[in-house]
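Residue numbers (the working numbering): 33 to 207. Idealized CB from N, CA, C, for every residue including glycine.
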Amino acid sequence: MGPALVTPYALTVDTGIRELRAADHLLHTLAAELALPGDVFGCTHLVRGKRPRVVVSLILPSEPLQRTALERLTARGHEVAYGVPDPVGRAVLFPGSASLTGTLTVADVLSRSAIDRVSVLGTPEPPAPDTPLATRDHVRPQWQDGALVLTAMPAAGGALVPFEVPDPTPCCADH
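Set out below in C-alpha cells:
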C-alpha cells in the first residue's frame, strides 16, 4: 500500500452508489461540504459480490479532521467505517489534482501532484519527461503496488492522454 493508504486517519463511505461518475461527484461534494484541505486523498473502490457498488475513501491528514468528518458523515446517514477497503483505490482527490488542467509535460504532472509515475499502455518504458500530456481536465491515477500511477495512452502528435476518458459513452449507446 502507498504511504497515503496506511494512514490511521482514513474513512470509507458507502452510500450504495453504483457508478464511478456519481462516486466522483460525491467525493467533490464531500470535499466542499467538509472544507477538506488539499492534502486529502479521495478514492473510489469497486465492491463486488451480492451487492456490487462503488464506495469512496477519504485519507485525511489528522485525527481531529477524521473525527469531524466521521461525525458529519454519520449525521447525514452515510454508512462510514474506519480505514480503506482495499489498496488499489482510484484517486479523484489528491494533492495537486486541481493543478492538472490543460496540456502539461509528464515532468509537470509528476512535480505538481502526488502522482508517482506515468505509464503508457502497451509500452514497457515510462514516457520521456518532456512528453506532452493532454489532461482533458480529468486525471484519475490508481494505487498500484504502493505508488500512485496515471495510466495514459498515445494521442495525436506524439502526446499522451489519460486512459480514462471524462465522459465515457455507455455500452450500446447507439442502439
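Item	Value
Contact belief for residue 122 with residue 80 at Cβ below 8 Å, rounded distance in angstroms	Not quite, the Cβ-Cβ distance comes to about 15 Å (not below 8 Å), so this is no contact.
Candidates 91, 143 and 78, of which the one nearest residue 226 by Cα	Nothing in the structure corresponds to residue 226, since the chain is present only between 33 and 207.
Residue 64 classed as buried or exposed, judged by whether at least 16 other C-beta atoms fall within 10 angstroms	exposed
Backbone secondary structure at residue 204 - three-state DSSP	Low local confidence applies: a pLDDT of 48 at residue 204 is under 50, so the model's placement there is unreliable, with the coordinate-based value given in what follows. The answer is coil: DSSP assigns residue 204 none of H, G, I, E or B.
Which of helix, strand or coil DSSP assigns to residue 143	helix
Per-residue DSSP class, three states only, for residue 131	helix
Buried versus exposed, by CB contacts within 10 Å (16 or more), residue 67	exposed
Whole-angstrom C-beta distance between residue 144 and residue 9, which should lie under 8 Å	Examination of residue 9 is not possible in this model, given that the chain is present from 33 through 207 alone.
Residue range of the unbroken beta strand (DSSP E) whose run includes residue 42	42–46
Straight-line gap, residue 118 to residue 77 (C-alpha atoms, nearest Å)	7 Å
Assigned exposure category for residue 158 - 16 Cβ within 10 Å defines buried	exposed
Per-residue DSSP class, three states only, for residue 55	helix
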